[in-house]
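Numbering (the working numbering), first residue to last: 25 to 172. Below you'll find the structure, written out as structure tokens, and then a few comments.
This is the structure we're talking about:
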């Protein structure tokens, strides 16, 4: 296949995927007022900003609300804690959290397990020691949790 043909195919697929994506974004996601009582209860930490979330963010949150009733009480509490923390983050902090999550997800499983082990050890430290570590190493210890 010649370079021009390949470029044309890439361009066509780019335009098609752009149009599909544009159509997805054109479909309005539900506003806060349109959510069910159950969805509002689960997503309440995001109430103030719901209508400003991007469509993909709303979709992700609606998925969480859908799965919430199937979760254990511990998992539900973790979701509530994370949504509350997320709602208090600045856009910059959210982007950094997203990048850390993506980096974690890309790690080999053995590396993830080692990181989880170290995180559990850190959590068992006295709060005073954890505070010192956070101040000395904000990039390393600034996270509130490691995704399980």
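For glycine and all other residues, C-beta sits at the position ideal for the given N, C-alpha and C. Computed from a predicted model, the values in this text were never measured in an experiment.
Would you mind stating whether residue 89 and residue 70 have Cβ atoms separated by less than 7 Å? Against the chain shown, residue 89 aligns to sequence position 65. Against the chain shown, residue 70 aligns to sequence position 46. Cβ atoms of residue 89 and residue 70: not closer than 7 Å.
If we call anything under 7 Å between Cβ atoms a contact, is residue 56 one with residue 75? Stepping through the chain shown from its first residue, residue 56 is reached at position 32. Stepping through the chain shown from its first residue, residue 75 is reached at position 51. In contact: residue 56 and residue 75 (Cβ atoms closer than 7 Å).
Cβ separation of residue 53 and residue 79, assumed to be a contact under 8 Å, to the nearest whole Å: For this step, residue 53 is matched to residue 29 along the chain shown. For this step, residue 79 is matched to residue 55 along the chain shown. About 5 Å separates the two Cβ atoms, so the contact holds.
For the alpha helix (DSSP H) that residue 80 lies in, which residues bound it at each end? Counting from one through the chain shown, the residue named residue 80 turns up at place 56. 79-91 is the span of the alpha helix (DSSP H), which, as asked, contains residue 80.
Residue 105, DSSP secondary structure in three states: Stepping through the chain shown from its first residue, residue 105 is reached at position 81. If DSSP states are grouped into helix, strand and coil, residue 105 belongs with the helices.
Between the alpha carbons of residue 73 and residue 143, how many angstroms are there, rounded? Locating residue 73 in the chain shown gives position 49, counting from the first residue. Locating residue 143 in the chain shown gives position 119, counting from the first residue. About 31 Å.
Exposed unless 16 or more other CB atoms sit within 10 angstroms - verdict on residue 113: Numbered from 1 along the chain shown, position 89 holds the residue referred to as residue 113. Residue 113 should be labelled exposed.
Reduced DSSP secondary structure (H/G/I, E/B, other) of residue 73: Translated into positions along the chain shown, residue 73 becomes position 49. Looking at residue 73 - three-state DSSP - the assignment turns out to be coil, as it is neither helix nor strand.
Taking all protein chains shown into account, decide if residue 122 is buried (16 or more other Cβ within 10 angstroms of its Cβ) or exposed. Stepping through the chain shown from its first residue, residue 122 is reached at position 98. The residue in question, residue 122, is exposed, as its Cβ has fewer than 16 Cβ neighbours within 10 Å.
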